[in-house]
Amino acid sequence: MRSTTIRSLALALPSARIGNDELIERFGEKSMRSIARMSGIEERRVAPLDQCASDLGFDAAQRLISHLHLAPDEIDLLIFCSQTPDYRMPATASVLQGRLGMGERC
Numbered sequence: 114m115r116s117t118t119i120r121s122l123a124l125a126l127p128s129a130r131i132g133n134d135e136l137i138e139r140f141g142e143k144s145m146r147s148i149a150r151m152s153g154i155e156e157r158r159v160a161p162l163d164q165c166a167s168d169l170g171f172d173a174a175q176r177l178i179s180h181l182h183l184a185p186d187e188i189d190l191l192i193f194c195s196q197t198p199d200y201r202m203p204a205t206a207s208v209l210q211g212r213l214g215m216g217e218r219c
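Laid out in structure tokens, this is it:
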């Protein structure tokens with residue numbers, strides 16, 4: 114195995130935000146205060162219904178590829194991390210590999 118280097122990272126977040134105050138009616142004030150105290154989470158990012166995880170990953174990857182002046186087929190490894198994948202199978206990283214035009218060795 115040849116040496117591996119992570120040259121850069123990119124991320125994308127949906128622009129819409131929902132604060133804990135907006136969720137009190139649904140989950141109760143006590144629950145929301147408890148969540149904030151235990152986790153530190155004060156707000157969540159929410160994607161529109163027509164946007165999926167691979168759309169956000171695609172945007173982030175395109176910015177990264179452009180910033181690094183790379184061709185997609187020069188990339189050997191794509192790591193995609195999400196709690197909300199597009200599908201169970203195939204993996205969203207595989208979907209992105211195809212959308213971005215990365216080579217088969219990636």
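Just so you know, we're using the working numbering here: the sequence shown kicks off at 114 and counts up by one. Note that CB positions come from ideal geometry on N, CA and C, so glycine has one too. None of the values given here were measured: they were computed from a predicted structure.
- Counting along the chain, I148 sits inside no beta strand (DSSP E); it lies in the alpha helix (DSSP H) bounded by residues E142 to S152.
- Around the beta-carbon of F140, fewer than 16 other beta-carbon atoms lie within 10 Å, marking it exposed.
- With fewer than 16 other Cβ atoms inside 10 Å of its own Cβ, S128 counts as exposed.
- By the Cβ rule, the stretch 150 to 159 does not count as touching the stretch 190 to 207, because fewer than three pairs are nearer than 8 Å.
- According to the DSSP assignment, R218 belongs to no alpha helix (DSSP H), since it is labelled neither H nor E.
- Along the length of the stretch 121 to 209, whole alpha helix (DSSP H) runs at least 4 residues long occupy 133 to 140, 142 to 152 and 166 to 180, reported in chain order.
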